[in-house]
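Heads up: the sequence shown begins at 1477 in this note's numbering, then just goes up one per residue.
For every residue, glycine included, the Cβ atom is placed at its ideal position computed from N, Cα and C.
Keep in mind the model is a prediction, meaning the values are calculated, not measured.
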Amino acid sequence: MSTSAEFDAASRASVDAGSTFRAAAAAEHLPPSYPQRAPWGTAGRLRAWQEEALTAYFDTDDGRGDGNGPRDFLVSATPGAGKTTFALRLASELLQRHVVDRVTVVAPTEHLKTQWADAAHRAGIRLDPRFSNRHSRESRQYHGVVVTYAQIAVRAGLHRQLTESARTLVILDEIHHGGDALSWGDAIREAFETAERRLSLTGTPFRSDTAPIPFVRYLRDERGVRLSQTDFAYGYGRALRDGVVRPVVFLSYAGSMRWRTKQGEEWEATLGQDDTKDVTSQAWRAALDPDGDWMPAVLTAADKRLSEVRQSVPDAGGLVIASDQTTARAYATILENLTGEAPVVVLSDEKASSDRISEYSASTHRWMVAVRMVSEGVDVPRLAVGVYATSASTPLFFAQAIGRFVRARRRGELASIFVPSVPVLLRLASELERERDHALDRESSGDDLLDDSLLERAEQGDSASAELLDEYEWTALGSEATFEKVLYDGEEYGALAQPGSDEEWDFIGLPGILEPEQVSELLKHRQARQARRAAFHGEENVGSAPPAPAPQPLHRTLAEQRKLLNSLVSIRARGTGQTHAMVHAEVRRACGGPEVARATVAQLQARIDWIRGRLNAGK
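Right, here's the structure in full:
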């Protein structure tokens, strides 16, 4: 240790002698989670899982036998379970035992720096959230600092010096971010490889890629795949049974989508049908277009749901998660027209946006629309209704986004999330309780329809949104929404219904306060009522004309026409001795229009009729 470092450590101790003991004493009164103590599911002053995790930590000591815990410890706990509380209690214990002298917290965003500092203050630990890379050392009046992963990446050497200046506990919040970029991972290793202790926290100990996460152990399974090793896990399923998190009901909406590609082709598809990945992806984009009818219908249903919840939870709030800034503003306009109240709009990770989130959290405003700062760590416990109106499809983002709604305040509060009927999202919704590990040795599953990198680019500003439009140039022509079903606890309920119908209200009109087992019972009851209503209407319509079949998606019609045209071209080619290309050219000269791949339904039909006429005439 350098002389200056020794002086800093000594000064810190002399200025605030006995502060670690006061921090530990304060930690004795930590609530199980912020902002308030949960009245159930606790053991003593901490939740049962937090007590278990503390015991697991001090029972593991890397073979030293001193009972002071291991150097590295990874805790995975579902969002809303109280990871912050656990980390601060552990920090207090290590300070009290003189295992460490200072604390560094690394958070994903600027907003979370302040959130961590405020929580630490309530625990008797003073952390500086305003520490800058311009500073050569921290203020002596603090026990440590809160910084972001981006700060570490810029000046890893500085943070290594701070880490080596005293025995340091490093708390890495949402540690999976350590693999976001190669430079980040390298910087984190450089800054903290000499730390006395490292506590890694995550609600999602997995990544959608194979970038390694710093300070995480990987062991090979029976297939030879290297999987991340979690030292203590507390998943959503157990948290739900303990009453620590809310039950989540997913309301899925399908519907008909139309769009025009860059090549001028017009397509139509039904969201929720078993289409190709590309077609489903484009239909999803068309559904999220604010100028169509799909988003207004879903937002209307979500607002009705919020009104029902506010009957029993007066301060319940709603959140729309948008893909980019332009659509976020458009969604806000739709909501303002619906409710007469302008939603809070959060577009970026900056101080003004952080303040808006805090103000919204403390208010009773109905809606917030956001692009960033909602995927993790943002604490707005009153959120009860969500609209997943983003094109992000990775398990990581989805789990973190849903985590904004699961934080329980009192028993019975129910979370409702409105989602597009997209296979990858419905699968993730049905697997909400699944606990995942991060795998280094695997190929991409191909399940993700859209890459989260598109979302990240969109979040950088409106210019990025323009770039996305240039890259995926297409025009949404229209969309219609249809209520499809409800997903809860891996089960499906309900059937297709029109927005605004009694069948839809059966499910969006659920009471806002329900126990988990009551949710299943009520959903089964509503499904049975819906079936009886459908049977009754069926009897009324006996003897009437059968309903017209649903129109076939445009892409299927085009595919069938192209196949038929090619068959007729083949017949004519054999009869005339011409090549297929020559026949196609002859048809285009006679009928006009572009090549087959770009021809419309009407143009293809004209060519089919022309060849048929020639064949019938024997020409």
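Reference residue i; option with closest CA among the options
i, options, result
"P1857", "V1882, V1847, P1896, Q1758", "V1882"
"H1652", "S1834, P2070, L1677, L2034", "L1677"
"Y1969", "R1636, F1726, S1615", "F1726"
"S1732", "V1622, V1898, V1847", "V1898"
"Y1807", "W1760, V1796, S1612", "V1796"
"Q1974", "D1965, G1966, K1961", "K1961"
"R2002", "A1971, T1624, G1541", "A1971"
"A2078", "R1573, D1538, M1771, E1742", "E1742"
"S1641", "V1755, V1579, I1647", "V1579"
"A1818", "A1875, A1804, W1525", "A1804"
"I1628", "D1662, S1615, Y1618, Q1617", "D1662"
"D1548", "H1635, E1669, N1609", "E1669"
"L2034", "A1865, V2072, G1966", "V2072"
"A1868", "D1831, A1860, V1847, E1698", "V1847"
"G1654", "T1756, P1690, M1771", "P1690"
"P1688", "R1665, G1633, V1646, E1672", "R1665"
"V1575", "Y1864, D1754, E1672, P1992", "E1672"
"D1855", "V1630, R1699, G1879, L1963", "G1879"
"N1813", "E1835, A1763, W1843", "W1843"
"H1597", "T1624, T1560, V1724", "T1560"
"T1554", "R2064, R1717, L1764", "R1717"
"V1582", "R2032, T1644, A2082, Y1712", "T1644"
"Y1964", "W1760, T1958, A1952, L1902", "L1902"
"P1896", "V1863, R1540, R1631", "V1863"
"G1545", "L1634, L1675, R1636, L1648", "L1675"
"R1616", "T1624, S1704, F1607", "F1607"
"E1979", "A2075, L1634, R2008", "R2008"
Sequence-distant residues of its chain with Cβ nearer than 6 Å to residue i (five each side left out)
i, result
"G1556", "V1721, V1882, R1883"
"L1638", "none"
"D1535", "none"
"S1552", "T1678, P1681, T1706, A1709"
"I1984", "A1777, K1780, R1781"
"W1791", "The sequence as given places Asp at residue 1791; Trp does not occur at that position. Counting only Cβ-Cβ distances below 6 Å, and skipping sequence neighbours, we find T1840, R1858."
"T1590", "P1605"
"P1772", "I1810"
"R1439", "Lying before the first or after the last residue shown, residue 1439 is absent from the chain, which here runs from 1477 to 2095."
Contacts around residue i, its chain only, beta-carbon distance under 8 Å, and the 5 residues preceding and following it disregarded
i, result
"I2084", "Q2037, L2040, L2041, L2044"
"V2018", "Only weak support exists for where V2018 lies, its pLDDT of 42 falling under 50; the value from the coordinates is given anyway. Counting only Cβ-Cβ distances below 8 Å, and skipping sequence neighbours, we find nothing."
"L2091", "L2044, I2047, R2048, G2051"
"D1537", "G1543, N1544, G1545, P1546"
Three-state secondary structure (DSSP) of residue i
i, result
"F1959", "strand"
"S1867", "coil"
"A2049", "helix"
"Y1533", "helix"
"T1706", "coil"
"A1792", "coil"
"R1540", "coil"
"A1798", "strand"
"G2089", "helix"
"Y1712", "helix"
"V2063", "helix"
"D1604", "strand"
"L1990", "coil"
"V1882", "coil"
"L1972", "coil"
"V1692", "coil"
"R1523", "strand"
"A1599", "coil"
Beta-bridge pairing of residue i - partner residues as DSSP gives them
i, result
"P1896", "Y1729"
"S1977", "DSSP lists no partner for S1977."
"Y1964", "E1967"
"G1862", "L1795, I1893"
"A1676", "Correcting the residue identity first, residue 1676 is Ser in this sequence and not Ala. Its beta-bridge partners are L1550, L1648."
"A1745", "M1733"
"T2055", "DSSP lists no partner for T2055."
"W1469", "Any question about residue 1469 goes unanswered here, given that the chain covers just 1477 to 2095."
"V1621", "T1580, D1604"
"V1724", "A1891"
Proximal residues to residue i (C-beta, below 7 Å), its chain only, five neighbours per side dropped
i, result
"V2059", "V2045, R2048, A2049"
"H2056", "V2045, S2046, A2049"
"L1904", "P1871, F1874"
"A1866", "In the sequence as displayed, the identity of residue 1866 is Thr instead of Ala. I1797, A1798, S1799, L1931."
"A1957", "Y1729, G1731, D1769, W1770, A1773, V1774, P1975"
Requested in this report: Within the stretch 1804-1850, note down every full alpha helix (DSSP H) run reaching 4 residues or more, in order along the chain.
Outcome: 1827-1838
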